[in-house]
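Q: Protein chains in written order, with full-length UniProt numbering: chain B, 1 to 581; chain L, 1 to 330; chain C, 1 to 328.
Take this structure, written in C-alpha cells, and hold onto it; I'll ask about it next.
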Amino acid sequence: MTKRTQLALATAVVAALALGASGCSDPKKGANSGPSAANPAAANDGKTLGGTPVKGGTLTVLSNQDFAHLDPARNWVMPAMDFGTRLLYRTLVTFKAEPGKGGSELVPDLATDLGTPSNGGKTWTFTLKEGVKYEDGSPVKAQDIKYNVERSFAPDLTGGPDYAAQYLAGTEGYKGPLDGKHLDSVKTPDDRTIVFELKRPVAEFSQTATLPTFAPVPQSQEKGTQYDARPFSSGPYKIETYDRDKKLVLVRNEHWDQKTDSVRKAYPDKFVVVMGLKGGQVDDRIIAGEGADASAIEYFNMRPESAPKVLPKPEIKARLLAESQGCTVMLHLNNSRAPFNDPKVREAMQYAVDKEAVITAGGGPALNEVATAYLPPALSGGKQADTLKIPASGDPAKAKELLKAAGKEHLKVSLAVSTGDKGKAEAFQQGLARAGIEVVIDTVDPGAYYDVIGDLSTTPDMTYTGWCPDYPSGSTWLPFVFDGRTIKDKGNQGNYAQFRDEATMKRIDEINAMADAKQANQAWIDLDAEIMKKSPSIPILLERKPLLVGPNIAGAYGHPVWTGTVDYGTVGLKDPSKSQG
Amino acid sequence: MTTTASGAAPEAGPEAAPEAAPAGTPAKDVAPGSSPWQLARRELRRRPAVRVSLGVVLLFVLMALAAPWLSALGGWSPDEFDKAAIDPYLGGQPLGSLGGISPEHWLGVEPVTGRDLFARVVQGAQVSLLIAFAATAIVVLAGTAAGIAAGYFGGRTDAVLSRLMDLTMSFPSLIFMIAMLSVAKDVNRIVLMTSVIGLFGWPGVARVVRGQTLSLKHREYVDAARVGGASSWRILTRDILPGVSGPVIAYTTLLIPGMISTEAALSYLGVGVRPPTPSWGQMIAESVSFYETDPMYFVIPSVFLFLAVLAFTLLGDALRDILDPRGGRT
Amino acid sequence: MILYLVRRLLALAGVLLAIAAVTFLIFYVLPTDPAAAACGKTCSAERLADVRQYLGLDKPVWEQFADFLTGIFTGRTLGTGQFAVHCDFPCLGYSYENSLPVWNLLMDRLPVSASLAVGAAVLWLLLGLGAGVTAALRKDTATDKALMVGAVAAASLPVYFTSVMLIYGVIRVAGLLPYPSYQALTDDPLAWASNLLLPWTALALLYAAMYARQSRGSMIEAMAEPYIRTARAKGMPERTVVVKHGLRSGMTPILTIFGIDLGGLLAGAVITESIFGLPGIGRLFYGALVSSDQPVVLGVTLLAAFFIVVANLVVDLLYAVVDPRVRY
C-alpha cells in the first residue's frame, strides 16, 4: 500500500502530538474496550454533542496560538488542516463528516469521484464538478489545482507536505511556479480535468488527494509567502479579517453552493477565532460558558489540570469530547549505538519504565491508556496484545537483574522531548532511576523537535513520539516504524529507534505480499510480538483528545482523521440568537 | 556629559526584578569612633523588623545548605514520585485537603507526580539562592574591580570602562537573558544562568564604586601613600578597597533580592534550570495553572519566594542606612 | 547644547550598532538552524539548501550582518522572481513564521505594549509618588511606617503572583471584568481601559512600591537641604516650599529610573503580556523564541534597546528642565 500517503498523514498527526495537540482518534474502540467502560472521559465516544445545529449565529473558537499555516501549500499540522479544508478550501477528495468509523471513509469533494487510475496505477485522472466557485464567483479550474501542487515545490513556501515531490514524475530540480516554470507531469487537458503522472504505481492516491496540497489556488491570486495571511476561498467561508496571533474572522462565501458539497454543512454565519489565550483560561471560559463563550469551542486540548473542574460535574462532563486515538506513543531507544545496541539493555528498559507515572503526567487514565504492544488497538482486533505482562508501573527489580546480566548496572542516557512533554519526561526519569538508569532530559521546541530527532548526528539516546495508522491495516504501521531500510541520515522519521533487523525486514516483505487480508492482519500481530521481544522501542500509551465545547454548541464530534478535533464542517449552534458578536 | 549618577541597581529587567533601587534614607547620627560592624550590631538590636529578616535570611540559607538532610528528615527525596498521594482520574489532584498536607508530606505534594513539596521547596531554595548568591558575587567582584579601576586610574581607562557600563546598561537585559538561555542547550544550566544574570548586573556596582573611589582618591592618606612610593596595587587594596567596602556591602545585600527575583522570572518563563531540578520560580511556573484546583501548590513556593525577597530587602535597607548613609549615591 | 545633542545621538547610534552586532552573533553563530526550522518536517537536503539560500543563510555571517544593516536604511528584497518579498525601509528582517517584515510586526504590536506600559506608568507614578511624598512629609509617623511596610511587601511580590491573584479575584470570583482581550483604544476606549485595567494594576503595584520607597528617600533628603530652610525662613507657605522646591529636586533621581523603567517596559513586558494574553511585543518575542523565528528576536531586541537608549537621552535632557543646576 502507498507508504507516502500514510507517512504524510501520520507525520502530520505526530507533529500535532508534539505540539501538544495530541493524538488522532480511534472510533472503532469506543466504549467496548475494557478500561474505557468505567472511564469518566469516555462517555461521549463516537457521539455528536448538542444535536443538529440551527443555521446562523457566530461560533467562537478559543485558541492558545495562531495557525501554523493556512496557505494550502503549507498547511500540514493537524487542527489547522481540519480547519482549512473544512472551512476555507476544498480538495479533490475528502473524508466523510461522521463520527466514528464512518469518518475515515473517502468521498469526492471538488472531483466527481475518487479518481480513476490507469497505466497500472501510475496515472490518476480526476474530473471536477460543475458550478464550484471561488469567493469572487469565478469558477474553480483544474489549472488552479495544478498550480497549487506546483506551489508545494517552492522553497519559499515552507512547512507543507513534500509528497508531491515523492510521487510525481519528472520533478527533479523543480522549484515551484513562482519563477514561471511549470510541471509536465500534471496535465490539465481542459478546465475540468486534471491528470497526475506518477513515478510508480500508487494505489491510495485518492487518500493523498485529501491533503490541502490538492486545493485550488488561482495563479492570479498568488502573493508568495503573503498568501498565508489571506488564502482565496473555495470553501463555505472566506476571511474577513486576519490579525496574526490575535483574531481571525470568517464570513460566508456567498458563492459556495451547498448543492456541490456533500460534506460541509456550514451552519454558523460567522467563525471568530480568538488566539493567544492561556490554555487554562480557555478551559475556564468554556466551562463557565457565559455570553459569547457559550457558543465557543476550543482549538487545542483541555489542560490536564482542568480535569478536576470537569470530570466530577456531569453537566460539564457532558460537554467534553475525548475521542480515543489509533496512535501508539512510544519511547524510542537509539538502537544504533551503546547502550541500546544491546538487546538485553533494551529488554531491561521494558521493565524499568513506569508507564503509570507517564500516564498520570498526561492527564491520567481518563485521558490515556497503557500501551502493551506497538500496533494500536484498531489494528489488532480492538485490543492490544500483552505479550510481556509487565505491570503498568514497571518491574524495577527485574530490570536491575537484566541490566546486571548485561553488565551495565549504571547507565546515563539522554532523552529529548518536545517542550509540552516535559512532565512525561520527568516521569520517565524517575521511573528509570529506580533501576539505576540516570536520564538527562533535553526539552526541544516543538518546531525543531523533528529536526533534532530526525537527524542521526543529533538524535539522543531516547526520543518520545507516536505513530498513527492512516486506516486500519498493519501495513500502514509496522513498516514505517521498524523497517531498517527507511532510515535516513537527515529527516529520518518513523523508525526513530534506528532499528535494523534482517528478520523483521524479511517478514515485512512477506506480509506485504500476502493476498488474504485476514491472514496478513494476524501476521502483523504476530510480527508485533516478535519485535516486542527485541524491544527496539517501548510502547507507552494510547491517548485521547479532550476538547470542551460551550453549552450552546451543537453538531460537535471528534473527527477520526483529524486527530479527534471537532469537525469544523458540521459544527454549529443550538440557538444562534444567543451568540454574540 | 550626563548627570545620570543614579543609584539604580542592575536593571535585571524591570519586570523581573521588582526591587531595583535602594531607597535613600537620611543620614543617621553616627557616634564617632564606632566601627561599621559595631554600628551594625547596635542597629540590629534596635530594630525588630531587621532582627526578624536576619532570622529569615539565616533560616533560608541554612535550609539551602542542609537541603539533602532536611528532605531525608521529611522522608522523601525531591524527585521521588508518590502515586499514592494523588488521584490519577482527576488530573493528578493531591488526595486530601490543603494540597495533600499530612504527616507523610509536611507541605503536601505536587499534583500529577505526587512529589513531596517540602523536599522540593527546600531543594528549590538551594538552587534559587545558589544562583542568586553566585550571580551577586560575580556582579560585585566584576563591578568593584571595574569601578575601582575606572575611578582610580581615570583618563582612558575610565572612558573605556564608563562606555562599557553605558553599553551594558542599554541592553534590554531581561530579553537578552531569555534569548541567551533559550538558545544555549548543552551546558550546565546553573552555571549558565549565573553568568548570564551576572553579565548584566555589574555596571550598577561599578558606578557606585567608581564614584566612591573618585572621592577617596584625593584624600590625604591616599596622597600620602602615593608620595611615600606605594605601588598602585598596594594603594588600591590597602587604602581604596576598605573605603568602598561599606557601600558595596550595603549595595550587595540589596542586589540579592533582585537576583532571586530574576532567577525566578527566568525559571518562570521556562528558560531556567532543567527538570527535575526545582527552583522557586520553576515551581511557581508549574503551579500557576493549578492555582484554582490546588491552591496550596501555588501558594507555598510563592510564599517562600516572597519571604526571601522581603527579608533580604529589609536587611539590605538596614545595612545601607548604617554602612552607606547616602544611599549609594555619589 | 546642540553639540551635546549631536554627540549623544552619535553615541546612541553606536550603542545600537554594538547591540545589533552582539545579538546577531549570538543567534547566528549558535547551533540552531533557522532554515531547518522553516523548512518543515520532511525536509530533503536539497530543499534545505534552497531554503537556506532563499533566506540568505548560505552567506558568511559578516555578510549577512552587512545585508541586515544596509536593509535597515535601504530596504531589501528576499528571494527572486515575481513573488520575491520586498521588505521596505526600515527593514529589520523578515519573519518566516508570520510571512511579514519584522518592522510591520513590531509596529502592529507596539500600540498594545505602549498602552500597557504607559497606562501602568501613569498609575504607578500617581500611587508611588503619592505614597512616597506623603510618607516623607509625615516621616516617622504611623502613616509613614504603614506606607513603607506596604511598599516593601508589594515590591517583594513577583508580578506573576499578583497577576494570577487579580485574575482569580476580579474575574473568576467577583466576575467584575471579562477575561482580558485587547481592544484598540481607537476602536472602543472604554473596552480598551477595562481590558487593560488588571494588567495595569499588576504592573503598577510592583513599580509603585519601588517608587514609593525611592521617592520617600529623595524627598526627605531634598527637604533637608539648606535652601528649603531658607525658603521657610523667608515665610514662604509650606505648600509652596514642598511643591516648588522639595518636589522639584526630590524628583530628579526618580526621573532617571522612570526613563529606564518605561523604556524597558515598552518592549519587555514578557511576563505580564503572556499572563494576560495581550498581543504585545513581549509576547511576540516569546513566541518568536519558541519557534526559532530569529529575525523577530533580533528585531525586538533592537527595538527594546532603542527604547532604553532613547529614554536615557530624554531623561538627561529633561534634567535641564527639572533641575535648574544642570546645564549642558
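Virtual Cβ for every residue (Gly too), placed ideally from N, Cα, C.
Mind checking P111 (chain L): buried by the 16 CB within 10 Å criterion, or exposed?
A: buried
Q: Taking the straight line between their C-alpha atoms, what separation do you get for A158 (chain L) and D223 (chain L)?
A: The residue you asked about is not Ala; residue 158 (chain L) is Asp in the sequence shown. Rounded to whole angstroms, D158 (chain L) to D223 (chain L) spans 20 Å at the Cα level.
Q: With P546 (chain B) as the anchor, note down where its beta strand (DSSP E) starts and where it stops.
A: S537 to L548
Q: Give me the chain B residues within the contact set of Q93 (chain L), using Cβ-Cβ distance strictly less than 7 Å, ordered along the chain.
A: P308
Q: Spell out the partners DSSP gives G147 (chain L) in its beta bridges.
A: Its beta-bridge partners do not exist; DSSP assigns none.
Q: Is DSSP giving M236 (chain C) helix, strand or coil here?
A: coil
Q: DSSP state of Y4 (chain C), grouped into three classes?
A: helix
Q: Give me the Cα-Cα distance between R86 (chain B) and L69 (chain C), rounded to the nearest whole angstrom.
A: 44 Å
Q: Please state the DSSP three-state secondary structure of L168 (chain B).
A: Here DSSP, grouped into helix, strand and coil, assigns L168 (chain B) to strand.
Q: Just how far apart, CA to CA, sit A296 (chain B) and L44 (chain L)?
A: 59 Å
Q: Suppose only complete runs of 4+ residues qualify. What are the alpha helix (DSSP H) ranges in the segment 105-167 of chain L, listed by chain order?
A: 117-153
Q: S279 (chain L) by DSSP, collapsed to three states: which one?
A: coil
Q: Let's see if you can read the secondary structure: which residues bound the beta strand (DSSP E) around W477 (chain B)?
A: Unbroken run through W477 (chain B): none, as it is neither H nor E.
Q: On a CA-only basis, which of C:T134, C:V164 and C:V22 is nearest S173 (chain L)? Give me that one, please.
A: C:V22
Q: Considering only their Cβ atoms, is the gap separating T91 (chain B) from F214 (chain B) smaller than 9 Å?
A: yes
Q: So is G99 (chain L) buried or exposed if we call it buried at 16+ other beta carbons inside 10 Å?
A: buried
Q: Kindly list, in the order they appear in chain L, the residues whose Cβ is closer than 9 Å to that of R232 (chain C).
A: Ordered by position in chain L, no residue passes the 9 Å Cβ test against R232 (chain C), which lies about 17 Å from the chain.
Q: Output the residue ranges of the beta strand (DSSP E) runs that lie fully inside the segment 309-343 of chain B and measure 3 residues or longer, sorted by chain position.
A: 320-324 and 328-333
Q: Would you please verify whether the beta carbon of G272 (chain L) is less than 9 Å from any beta carbon of chain B?
A: no
Q: Out of curiosity, what's the CA-to-CA distance linking S118 (chain B) and E510 (chain B)?
A: 26 Å
Q: Does T565 (chain B) come within less than 9 Å of chain L when only Cβ atoms are used?
A: False, the Cβ-Cβ gap to chain L never drops below 9 Å.
Q: A357 (chain B) touches chain L at which residues, Cβ-Cβ below 8 Å?
A: F81, K83 and T113
Q: Which ranges would you report for the alpha helix (DSSP H) in the segment 221-289 of chain B if only whole runs of at least 4 residues count?
A: 279-288
Q: Return the CA-CA distance between L178 (chain B) and T158 (chain B), expressed in angstroms with no decimal places.
A: 13 Å
Q: Grouping DSSP H, G and I as helix and E and B as strand, with all else coil, what is I101 (chain L)?
A: coil
Q: Looking only at C-alpha atoms, which of L:L323, L:D79, L:A125 and L:L117 sits nearest to Y251 (chain L)?
A: Among L:L323, L:D79, L:A125 and L:L117, the Cα nearest to that of Y251 (chain L) is on L:L323.
Q: So, Y147 (chain B) versus E222 (chain B), is the Cβ gap smaller than 9 Å?
A: Inclusion of Y147 (chain B) and E222 (chain B) in the CB contact set at 9 Å is warranted, their separation being smaller than that value.
Q: Work out the CA separation of R189 (chain L) and R507 (chain B) for me, nearest whole Å.
A: When rounded, the distance between both Cα atoms is 47 Å.
Q: Tell me, please, whether the CB atom of R283 (chain C) is closer than 9 Å to any CB atom in chain A?
A: Here chain A cannot be found, since the structure's protein chains are B, L and C.
Q: Beta-carbon of P155 (chain B) versus every beta-carbon of chain C: anything under 9 Å?
A: yes
Q: Anything in chain L within Cβ reach of T458 (chain B), meaning under 8 Å, just list it in chain order.
A: Within chain L, no residue comes near T458 (chain B); the closest Cβ sits about 10 Å away, beyond 8 Å.
Q: Quick check on DSSP: helix, strand or coil for V202 (chain B)?
A: It is coil, neither helix nor strand.
Q: For residue 583 (chain B), I'd like the list of residues in its chain whose CB is within less than 7 Å of its CB, leaving aside the five on either flank, ordered along the chain.
A: One cannot answer for residue 583 (chain B) here, as it falls past the ends of chain B, which runs 1 to 581.
Q: For the beta strand (DSSP E) containing A296 (chain B), name the first residue and the last one.
A: A296 to E298
Q: Can you tell me which residues form a DSSP beta bridge with V439 (chain B)?
A: B:V413
Q: What is the residue span of the beta strand (DSSP E) that L62 (chain B) lies within?
A: From DSSP, the beta strand (DSSP E) with L62 (chain B) extends over T58 to L62.
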